[in-house]
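K.L.:
Once you've had a glance at the structure underneath, I'll fire off some questions.
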Amino acid sequence: MTKNIKITINGVSVEIEEGTTILDAARKAGVIIPTLCYHKDLCVAGNCRVCITEIVGQKRLTAACATPCEDGMEVLTNSLKVRNSRKHIVELLLSEHNADCTRCYKNGNCELQHLASEYKIMTQDFIRLAPMKKYTIDMFSPSIVKDDSKCVRCQRCVRTCVELQGVNALTVAHKGDQMKITTFFEKLISDVVCTTCGQCINHCPTGALVEKNYIEEVWDAIADTTKHVVVQTAPAVRVGLGEELGFETGTRVTGKMVAALKRLGFDAVMDTDFTADLTIMEEGTELLTRLKKVLVDHDPEVKLPMATSCSPGWIKYIEHMFPDYLEHLSTCKSPQQMFGALAKTYYAKARNLDPETIVSVSIMPCTAKKFEANRPEMHDSGYRDVDYVLTTRELAIMIKQAGIDFMKLEDMHYDRLMGESTGAGVIFGATGGVMEAALRTAYELVTGREVPFENLNIIPVRGMEGVKEATVKIENPLKEWAFLDGVELKCAVAHGLVNAGKVMESIRKGEANYHFIEFMACPGGCLGGGGQPIPTSPEIRQKRAEAIYAEDAGMPLRKSHQNQEIIKIYKDFLDHPLSEKSHHLLHTHYTARERF
Amino acid sequence: MTTNYQLRRVDFIFKNENDWEEVLSKSISRTPQELINELISSELKGRGGAGFPTGLKWKLSSEAVDDIKYVICNADEGEPGTFKDREILSRVPFKVLTAMAVCGHVIGAKEGYIYLRGEYFFLQPELKKAISEFEYFCKEINLDFKIRIFMGSGAYICGEETALFESMEGKRGEPRNKPPYPSSYGYMGKPTVINNVETLAHTFTIFKYGAKRFYDLGVQYSRGSKLFSVSGDTPKPGIYELELGMSLADFVDEFGDGDTKAVQVGGASGFLVPRKRFGETAIGFQGKLTGISLPTGGSMMLFNSSRSMFNVLDNYLEFFREESCGQCTPCRVGCQQLLKGIKAVKRGEKNAHYLDKLLRLTETMQLTAKCGLGQSVANSFSSIVENFREEMIY
Numbered sequence: 001m002t003k004n005i006k007i008t009i010n011g012v013s014v015e016i017e018e019g020t021t022i023l024d025a026a027r028k029a030g031v032i033i034p035t036l037c038y039h040k041d042l043c044v045a046g047n048c049r050v051c052i053t054e055i056v057g058q059k060r061l062t063a064a065c066a067t068p069c070e071d072g073m074e075v076l077t078n079s080l081k082v083r084n085s086r087k088h089i090v091e092l093l094l095s096e097h098n099a100d101c102t103r104c105y106k107n108g109n110c111e112l113q114h115l116a117s118e119y120k121i122m123t124q125d126f127i128r129l130a131p132m133k134k135y136t137i138d139m140f141s142p143s144i145v146k147d148d149s150k151c152v153r154c155q156r157c158v159r160t161c162v163e164l165q166g167v168n169a170l171t172v173a174h175k176g177d178q179m180k181i182t183t184f185f186e187k188l189i190s191d192v193v194c195t196t197c198g199q200c201i202n203h204c205p206t207g208a209l210v211e212k213n214y215i216e217e218v219w220d221a222i223a224d225t226t227k228h229v230v231v232q233t234a235p236a237v238r239v240g241l242g243e244e245l246g247f248e249t250g251t252r253v254t255g256k257m258v259a260a261l262k263r264l265g266f267d268a269v270m271d272t273d274f275t276a277d278l279t280i281m282e283e284g285t286e287l288l289t290r291l292k293k294v295l296v297d298h299d300p301e302v303k304l305p306m307a308t309s310c311s312p313g314w315i316k317y318i319e320h321m322f323p324d325y326l327e328h329l330s331t332c333k334s335p336q337q338m339f340g341a342l343a344k345t346y347y348a349k350a351r352n353l354d355p356e357t358i359v360s361v362s363i364m365p366c367t368a369k370k371f372e373a374n375r376p377e378m379h380d381s382g383y384r385d386v387d388y389v390l391t392t393r394e395l396a397i398m399i400k401q402a403g404i405d406f407m408k409l410e411d412m413h414y415d416r417l418m419g420e421s422t423g424a425g426v427i428f429g430a431t432g433g434v435m436e437a438a439l440r441t442a443y444e445l446v447t448g449r450e451v452p453f454e455n456l457n458i459i460p461v462r463g464m465e466g467v468k469e470a471t472v473k474i475e476n477p478l479k480e481w482a483f484l485d486g487v488e489l490k491c492a493v494a495h496g497l498v499n500a501g502k503v504m505e506s507i508r509k510g511e512a513n514y515h516f517i518e519f520m521a522c523p524g525g526c527l528g529g530g531g532q533p534i535p536t537s538p539e540i541r542q543k544r545a546e547a548i549y550a551e552d553a554g555m556p557l558r559k560s561h562q563n564q565e566i567i568k569i570y571k572d573f574l575d576h577p578l579s580e581k582s583h584h585l586l587h588t589h590y591t592a593r594e595r596f
Numbered sequence: 001m002t003t004n005y006q007l008r009r010v011d012f013i014f015k016n017e018n019d020w021e022e023v024l025s026k027s028i029s030r031t032p033q034e035l036i037n038e039l040i041s042s043e044l045k046g047r048g049g050a051g052f053p054t055g056l057k058w059k060l061s062s063e064a065v066d067d068i069k070y071v072i073c074n075a076d077e078g079e080p081g082t083f084k085d086r087e088i089l090s091r092v093p094f095k096v097l098t099a100m101a102v103c104g105h106v107i108g109a110k111e112g113y114i115y116l117r118g119e120y121f122f123l124q125p126e127l128k129k130a131i132s133e134f135e136y137f138c139k140e141i142n143l144d145f146k147i148r149i150f151m152g153s154g155a156y157i158c159g160e161e162t163a164l165f166e167s168m169e170g171k172r173g174e175p176r177n178k179p180p181y182p183s184s185y186g187y188m189g190k191p192t193v194i195n196n197v198e199t200l201a202h203t204f205t206i207f208k209y210g211a212k213r214f215y216d217l218g219v220q221y222s223r224g225s226k227l228f229s230v231s232g233d234t235p236k237p238g239i240y241e242l243e244l245g246m247s248l249a250d251f252v253d254e255f256g257d258g259d260t261k262a263v264q265v266g267g268a269s270g271f272l273v274p275r276k277r278f279g280e281t282a283i284g285f286q287g288k289l290t291g292i293s294l295p296t297g298g299s300m301m302l303f304n305s306s307r308s309m310f311n312v313l314d315n316y317l318e319f320f321r322e323e324s325c326g327q328c329t330p331c332r333v334g335c336q337q338l339l340k341g342i343k344a345v346k347r348g349e350k351n352a353h354y355l356d357k358l359l360r361l362t363e364t365m366q367l368t369a370k371c372g373l374g375q376s377v378a379n380s381f382s383s384i385v386e387n388f389r390e391e392m393i394y
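In structure tokens form, the structure reads like this:
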């Protein structure tokens with residue numbers, strides 16, 4: 001039993017649970033204490049010292065984020081002592097920071113800038129240290145740009161990489177004035193175990209870690225009249241983009257986003273959800289084929305459990321961390337890459353375009369997609385399948401640059417051919433969504449009946465639990481799937497790479513006997529992706545997830561195999577799932593990588 | 001009260017230790033409560049410099065409920081000007097080992113570690129030999145206590161107890177947030193007693209002779225004797241065991257070269273005392289009655305009139321700039337600003353008033369830094385700048 005205690009903050013009495021930090025107690029009392037190294041997703045570090053407060057009777061000031069309240073404590077958050085010290089600390093941070101704000105990608109969305117503005121630091125009393133240091137900028141990764149001159153050493157990125165992702169690509173090296181955030185042996189980000197998931201970017205308070213942006217390249221392509229620029233939008237973008245453009249968190253802006261993309265000048269605006277549905281057809285069939293090969297043919301070459309392959313951060317993670325398990329991965333490309341391959345083949349043919357003139361752009365909640373599009377094997381259309389990948393944030397920047405009043409836009413529909421989708425495609429954006437979509441289709445394919453869950457909502461695979469499990473029993477299957485009669489299909493869903501690692505370890509130890517596992521690199525799935533609007537927090541991700549499921553619930557079609565354009569593409573172009581053509585265009589292979 | 005005090009040499013620490021087996025057997029036959037009371041009544045305070053009452057430290061850990069507890073001997077002697085711990089470990093290692101085992105008996109720990117400074121690697125072979133002889137005896141008397149050596153790698157900050165735990169756990173040596181304190185959450189998250197080498201050696205004296213012999217030495221709030229590492233402009237540098245509470249004037253009479261301008265008490269993180277204050281300064285822990293009293297880990301650096309106090313401060317700040325772990329803002333950036341700041345004043349790039357801005361900065365560092373390192377930079381900075389301001393400017 002936790003007991004309640006009473007403290008006063010700036011003279012106001014608050015009752016809180018024992019063990020509550022001063023920071024949380026203050027928030028409860030309606031007092032805002034500024035923070036920098038603190039992040040709701042991460043463990044407490046207490047190293048920036050911005051949140052210092054005075055406890056009456058104590059000589060030293062204490063970090064509010066790291067200090068639990070004690071009964072009867074009197075806390076002052078705005079005494080002269082606190083103000084002077086806090087201002088000093090912000091001044092110190094600024095003296096070490098390359099405060100060239102007007103030329104910074106994070107200008108306007110920087111926590112240090114915000115603090116400087118709040119404390120009205122107008123003079124530069126301390127010596128500017130930043131210009132004296134030999135800082136480096138690492139721009140060699142296709143996804144992430146790391147600029148040490150902007151770093152405030154809060155270690156949020158390090159904690160993210162360790163606690164949320166279990167990757168440890170970023171770490172602290174050296175001490176004193178040389179202390180910096182770097183990689184193993186200070187190698188380039190592109191040369192280490194980094195999965196390019198971009199969670200460090202999402203958690204960085206300043207411009208030290210940002211995505212590599214391709215905004216100008218895309219503007220150039222749009223302006224080039226000889227090019228036909230095709231754009232696709234990932235499921236999670238529609239529930240995140242609004243946050244950057246004045247809407248409440250969790251607002252669905254699908255129609256406005258399509259309208260904005262058309263105004264930006266894209267020649268065709270289509271939907272990654274379409275290829276998400278296509279992924280279900282391919283991956284669902286692959287799963288059933290694998291089940292047959294294992295259960296009936298006892299083929300030792302075929303591996304179970306089968307793992308999903310939609311998340312490129314997860315793919316790079318397994319390639320580095322569990323390279324001996326690559327055969328467990330579905331061979332399906334991610335929806336982005338399926339779309340890319342089809343845009344320069346199927347779409348080009350249907351629209352009578354020379355694929356060479358097509359520029360394929362994708363809007364993703366993800367930075368790993370930038371790396372994925374850059375993989376050498378992603379050229380199955382004969383060209384680079386996806387030319388440019390923009391994050392949700394980059395799209396918001398383009399919309400602002402174009403002077404579009406986003407809130408006033410009329411909703412518009414996606415263009416045809418690869419623009420139709422079902423609710424199953426939409427929920428790809430949330431953790432558990434791929435699993436749910438796959439089960440909706442696979443179960444029906446096998447039994448001829450809908451999945452036995454109310455309104456097709458497979459609740460056990462939803463929610464923010466790190467690892468979720470579900471079992472679906474197959475009864476009375478159709479004749480051709482008779483071997484599955486009575487089989488309990490064991491599924492698992494993991495999001496956040498630290499959870500993915502746990503599941504993989506249990507598989508390695510032989511403790512897990514799953515058939516099918518969905519892995520997503522980012523906490524919450526794509527809706528919490530490294531390319532989504534900043535900030536992120538459990539509450540924000542929860543709201544985005546609710547928006548995704550609301551979008552699904554409102555769709556007329558909610559199962560991938562009902563998508564008319566999917567039916568059409570198989571009829572006109574691909575033949576059937578796992579056909580030779582789909583093998584060539586929609587499936588891929590993986591590369592074993594080293595940890596060091 | 002302290003100015004009339006005579007400087008008295010003491011010989012406890014390095015006195016022969018052939019009877020450690022007897023002291024150990026006798027001590028572990030006593031109850032933990034008795035031993036704690038003995039320590040409390042001796043009023044022994046930590047000899048690493050911070051001066052936390054040792055008896056209370058052991059008591060808190062003995063009250064923590066856990067199956068696994070640890071005793072750690074902090075031998076990461078890194079304070080500039082301190083060199084006593086290595087002498088203890090090489091000359092009387094069994095006193096320290098015995099004290100660790102007694103502490104294990106008191107708090108209920110079966111494992112002890114000696115965190116040995118990276119530069120003291122050469123002590124390892126002899127120390128290991130002593131440990132195996134010690135453990136052999138423990139087995140004979142059915143005492144379940146193991147001691148291991150953990151080698152540090154040379155970072156000053158790892159002498160800070162929680163950074164030391166992090167380092168032992170294989171992590172980066174960065175201080176933790178406190179609370180929780182080591183007595184409930186130390187090495188591996190277990191209740192831990194961590195004591196300086198010298199503190200442990202003193203407990204041996206106390207267990208051997210009883211609290212009174214120890215308590216009778218020194219003055220109120222600063223009981224017992226202490227080892228001093230004397231260096232700098234002195235004709236007789238070395239290690240001396242002296243009673244606490246002596247006046248700095250007496251100390252300088254004994255150890256100075258006749259031209260002592262200032263004494264740095266407590267190493268780079270301590271205070272500089274100028275000649276005019278020698279008489280009113282006593283060496284010991286702060287207490288209500290003792291006037292100006294400076295605690296020290298034992299480092300006493302004497303400077304004569306040939307020394308530039310600017311160079312002294314520059315040297316200290318250079319040390320802190322490099323040895324700050326770098327995690328917290330006030331310490332990491334503050335040390336750089338102080339160092340660059342005094343150089344800028346010296347060169348005339350900043351005017352003399354900038355020193356006042358820097359003094360205010362050290363106040364902030366003292367109030368807000370995460371650990372003792374950042375908090376104590378203010379000590380040497382303010383005591384040097386305030387007393388030798390003209391040397392900083394001209």
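Residue numbers (the working numbering), protein chains in the order written: chain X, 1 to 596; chain R, 1 to 394.
Think of the CB as a built atom: it goes at the ideal place given N, C-alpha and C, for glycine as much as any other residue.
Do we get a CB-CB distance below 7 Å when we pair X/Asn-47 with the residues of chain R?
P.N.:
Judged by the 7 Å Cβ criterion, X/Asn-47 is in contact with chain R.
K.L.:
Could you tell me whether the Cβ of X/Ile-52 comes closer than 7 Å to any Cβ of chain R?
P.N.:
True, the Cβ-Cβ gap to chain R drops below 7 Å.
K.L.:
Give me the residue from X/His-88, X/Lys-150, X/Glu-74 and X/Ile-121 with the minimum Cα distance to X/Cys-613.
P.N.:
Since the first residue of chain X shown is 1 and the last is 596, residue 613 of chain X is not available in this structure.
K.L.:
Got a sec: which bits of the segment 80-99 of chain X sit with their beta carbon under 8 Å from any beta carbon on chain R, in order along the chain?
P.N.:
From the segment 80-99 of chain X, only Lys-81, Asn-84, Ser-85, His-88, Ile-89, Leu-92, Leu-93, Ser-95 and Glu-96 have a Cβ closer than 8 Å to chain R.
K.L.:
Contact between the segment 423-432 of chain X and the segment 274-281 of chain X is defined here as three or more beta-carbon pairs at a separation below 8 Å; is this criterion met?
P.N.:
Counting Cβ pairs under 8 Å, three or more are found: they touch.
K.L.:
Suppose the cutoff is 8 Å on Cβ atoms and the five residues either side in sequence are ignored; what does the same chain contact list for X/Pro-34 look like?
P.N.:
Correct list, in chain order: Val-50, Cys-51, Arg-86, Leu-115 and Glu-118.
K.L.:
Provide the residue span of the alpha helix (DSSP H) that contains R/Phe-310, from first to last.
P.N.:
Unbroken alpha helix (DSSP H) run through R/Phe-310: 309-323.
K.L.:
Would X/Gly-176 and R/Gly-326 qualify as a contact pair, given that the criterion is a beta-carbon distance under 7 Å?
P.N.:
Yes, Cβ-Cβ distance for X/Gly-176 and R/Gly-326 is below 7 Å.
K.L.:
Between the C-alpha atoms of R/Ala-99 and R/Gly-154, what's the straight-line distance to the nearest angstrom?
P.N.:
Cα to Cα, the separation comes out at about 25 Å.
K.L.:
Contact defined as beta carbons within less than 8 Å: I believe X/Glu-163 pairs with X/Cys-48. What is the distance between those atoms, to the nearest angstrom?
P.N.:
Not quite, the Cβ-Cβ distance comes to about 17 Å (not below 8 Å), so this is no contact.
K.L.:
Is it true that the segment 274-288 of chain R meets the segment 316-325 of chain R, where meeting means three or more beta-carbon pairs spaced less than 8 Å apart?
P.N.:
No: fewer than three Cβ pairs fall under 8 Å.
K.L.:
Determine whether the Cβ of R/Lys-337 lies closer than 7 Å to any Cβ atom of chain X.
P.N.:
As written in the sequence, residue 337 of chain R is Gln, which differs from the Lys given in the question. Cβ-Cβ to chain X under 7 Å: yes for R/Gln-337.
K.L.:
Where does X/Asp-138 land, buried or exposed, given buried means 16+ other C-beta within 10 angstroms?
P.N.:
It is buried - the Cβ of X/Asp-138 has at least 16 other Cβ atoms within 10 Å.
K.L.:
Tell me the residue span of the beta strand (DSSP E) that contains X/Val-493.
P.N.:
Where X/Val-493 is concerned, the enclosing beta strand (DSSP E) stretches over 488-495.
K.L.:
Measure the alpha-carbon distance for X/Glu-17 versus X/Gly-528 and round it to whole angstroms.
P.N.:
So the alpha carbons of these two residues sit roughly 30 Å apart.
K.L.:
First and last residue of the alpha helix (DSSP H) that includes X/Ser-362?
P.N.:
Per DSSP, X/Ser-362 belongs to no alpha helix (DSSP H); it is in the beta strand (DSSP E), 358-364.
K.L.:
Any Cβ of chain X within less than 7 Å of the Cβ of R/Gly-326?
P.N.:
Yes, its Cβ sits closer than 7 Å to a Cβ of chain X.
K.L.:
Could you check whether X/Val-218 and X/Tyr-347 sit closer than 7 Å to each other, using their CB atoms as the reference points?
P.N.:
For X/Tyr-347 and X/Val-218, no; Cβs fall outside 7 Å.
K.L.:
Quick check: R/Ala-262 and R/Leu-248, are their CB atoms within less than 7 Å of each other?
P.N.:
Their beta carbons are not under 7 Å apart, which means R/Ala-262 does not touch R/Leu-248 by this criterion.
K.L.:
Straight-line CA distance for X/Ile-566 to X/Ser-506?
P.N.:
Rounded to the nearest angstrom, the two C-alpha atoms are 36 Å apart.
K.L.:
Of all the beta strand (DSSP E) runs that stay within the bounds of the segment 220-281 of chain R, which reach a length of 3 or more residues?
P.N.:
Here the runs fully enclosed are 225-232, 238-243, 260-265 and 271-274.
K.L.:
Going residue by residue through the segment 437-513 of chain X, where are the continuous beta strand (DSSP E) segments of at least 3 residues, counting only ones entirely within it?
P.N.:
As far as the segment 437-513 of chain X is concerned, its whole beta strand (DSSP E) runs of at least 3 residues are 467-473 and 488-495.
K.L.:
Answer with yes or no whether the minimum CB distance from X/Ala-66 to chain R is below 7 Å.
P.N.:
Judged by the 7 Å Cβ criterion, X/Ala-66 is in contact with chain R.
K.L.:
To the nearest angstrom, report how far apart R/Ser-383 and R/Glu-160 are at their CA atoms.
P.N.:
When rounded, the distance between both Cα atoms is 23 Å.
K.L.:
What does a CB cutoff of less than 7 Å around X/Arg-263 pick up in its chain, not counting 5 residues either side in sequence?
P.N.:
So the list reads Ala-402 and Ile-404, once near-sequence residues are dropped.
K.L.:
So that I know if they touch, is there some Cβ in chain X lying closer than 7 Å to that of R/Lys-340?
P.N.:
Chain X contact via Cβ: present.
K.L.:
In the DSSP assignment, the beta strand (DSSP E) including X/Cys-173 goes from what residue to what residue?
P.N.:
The residue you asked about is not Cys; residue 173 of chain X is Ala in the sequence shown. Start and end: 171-173.
K.L.:
Could you give the uninterrupted runs of the beta strand (DSSP E) lying entirely in the segment 2-79 of chain R, keeping only those of 3 residues or more?
P.N.:
With a minimum length of 3 residues, the continuous beta strand (DSSP E) runs that stay inside the segment 2-79 of chain R are 70-75.
K.L.:
Pull up the distance between the alpha-carbon of R/Thr-31 and that of R/Glu-21, whole angstroms please.
P.N.:
Cα to Cα, R/Thr-31 sits roughly 18 Å from R/Glu-21.
K.L.:
Nearest by alpha-carbon distance to X/Val-451: which of X/Thr-251, X/His-97, X/Thr-471 and X/His-584 is it?
P.N.:
If we check each option's Cα against that of X/Val-451, X/Thr-471 comes out closest.
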